[in-house]
Amino acid sequence: MVAFWRLPDGHTSGIHPPLDNAAYGKTHIAALICYEQALVWPVLWTLTRHHPTLIVAPESVHWEKSAALGNLEARLARAWGRLYGLPVALAVNLPKTRALAESDPDFEGMYPSGRV
C-alpha cells in the first residue's frame with residue numbers, strides 16, 4: 001500500500017506500513033490493492049521483498065459505469081501471478097448493478113468461471 005502512505009495534501013493517512021503483506025498459517029500473502037496492480041514499484045517491492053505464496057487483489061469498481069477498470073486490474077493481477085508463479089485471489093466490487101456489469105462487453109473474461 002505504498003500509494004496510500006502520504007495523502008496529496010501532505011498529511012499522513014491513518015494507514016501505516018507495512019500493509020503490503022500478511023501471513024495466514026503457512027501462507028504468505030501479498031496484497032495488491034486496486035490500482036497498485038498497475039504500478040510497478042509497489043508490486044516489485046511486495047513480491048520480491050516478502051516472497052509471498054499468494055497474491056490477494058481486492059478492487060472496488062462499484063462507482064465505475066462499466067467493468068473495464070476491474071477487468072484491467074484483474075488481468076494485471078493475474079499477469080503478476082503468472083510472472084512470479086503465484087496463485088491470485090481476486091475480490092471485486094462490481095459496478096452499481098450486476099445487470100450493468102454483465103451487459104458490459106468488458107465484463108466477459110473478468111472472472112475465469114464467468115460467474116460472479
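Residue numbers for the sequence shown follow full-length UniProt numbering, so the first one is 1 and each next one is one higher.
Yeah, the Cβ is synthetic: ideal placement off N, Cα and C, and Gly gets one too.
Apart from sequence neighbours up to five positions away, the residues of its chain that approach G81 with a beta-carbon distance below 6 Å are I55 and V88, ordered along the chain. The C-beta separation of P52 from I33 comes to about 14 Å, leaving the pair out of contact by the 8 Å criterion. By the criterion of a C-beta distance shorter than 7 Å, R78 is surrounded in its chain by V88, once the five residues flanking it on both sides are discounted. Taking C-beta separations shorter than 8 Å and ignoring five residues to either side along the sequence, the partners of T46 in its chain run D20, N21, A30, A31, L32 and P52, following chain order. The residue among L76, A91, L83 and Y84 with its C-alpha nearest the C-alpha of E36 is L76.
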